[in-house]
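To start, the structure under review is shown below, and the notes come after it.
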Amino acid sequence: MATSEHGYPEWHHGRVQYGLWYIEIDQPELIEYLEYLKQAFSDLLIPLNQRQYHITLFVAGFLTAHTPKFDDDFEIRKLNQQIKNLEALQFDCLELEVTAIDSFSSALFLQIHDKQNILSKIRQQLSLSSTEIAAPEYCPHITLGLYRKAWKSELILERIQKLQPQKFKIQVRHLTFGYYKAQILQGLLYPYHRLSLG
Numbered sequence: 130m131a132t133s134e135h136g137y138p139e140w141h142h143g144r145v146q147y148g149l150w151y152i153e154i155d156q157p158e159l160i161e162y163l164e165y166l167k168q169a170f171s172d173l174l175i176p177l178n179q180r181q182y183h184i185t186l187f188v189a190g191f192l193t194a195h196t197p198k199f200d201d202d203f204e205i206r207k208l209n210q211q212i213k214n215l216e217a218l219q220f221d222c223l224e225l226e227v228t229a230i231d232s233f234s235s236a237l238f239l240q241i242h243d244k245q246n247i248l249s250k251i252r253q254q255l256s257l258s259s260t261e262i263a264a265p266e267y268c269p270h271i272t273l274g275l276y277r278k279a280w281k282s283e284l285i286l287e288r289i290q291k292l293q294p295q296k297f298k299i300q301v302r303h304l305t306f307g308y309y310k311a312q313i314l315q316g317l318l319y320p321y322h323r324l325s326l327g
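Going by my numbering, the letters in the sequence shown line up with residues 130 to 327, in that order.
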């Protein structure tokens, strides 16, 4: 499925800060591998993707300090409650593994294996004070890019199979709540709050 590059005004209604909880990817050797893969598929993906590599944990909605007007508005007071709920977990840093290259209908991504099932516990805590705005089934992943055309799945699978996937361990020492500017397709993520683990 191709991703349209228009500004989606019917979605954001002039609102700017679209918030989410995520895990930042900051390991140089992993970033180098992700850049290699993105370049290998650059002819299939939307160019000028500025968004930092990350693993989405929980999609919150449009950050606001006011009374919600739309069902995807996310009040700051709910964020503060989520932070308290996460602090109550009191767990140490966690380890994830980057595994296979895979594809959604609209995006190329890398699978994330969560051996200890910690991400589910984190998401449960976040759900205590807010309903997530996302697909019903959570699939932890790192997005490499969005497709610029509706490519045939056979083409993408053939390209994926030609590559030798590498596996990486990710040591997660903090969780981040941040936002991106809704009017900018694949624009930068701006950290708003970091929660240290351990």
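For glycine and all other residues, C-beta sits at the position ideal for the given N, C-alpha and C.
It should be emphasised that the depicted structure is a prediction, and the values quoted were computed from it without experimental measurement.
DSSP links R323 through a beta bridge to T305. Secondary structure at I299: strand, using DSSP grouped into helix, strand and coil.
Per the Cβ contact rule, the stretch 170 to 180 is in contact with the stretch 264 to 277 (3 or more Cβ pairs under 8 Å). Burial of A311 is indicated by the presence of at least 16 other C-beta atoms within 10 angstroms of its C-beta. Between the alpha carbons of Q300 and L255 lies a gap of roughly 21 Å. Distances from the alpha-carbon of G327 to those of E164, L215 and Y151 put L215 closest.
Note that the stretch 146 to 165 touches the stretch 301 to 309; at least 3 beta-carbon pairs, one per stretch, sit closer than 8 Å.
In the assembly as shown, Y319 is an exposed residue. Its beta-carbon has fewer than 16 other beta-carbons within 10 Å. DSSP places Y147 in no alpha helix (DSSP H) but in the uninterrupted beta strand (DSSP E) bounded by Q146 to E153.
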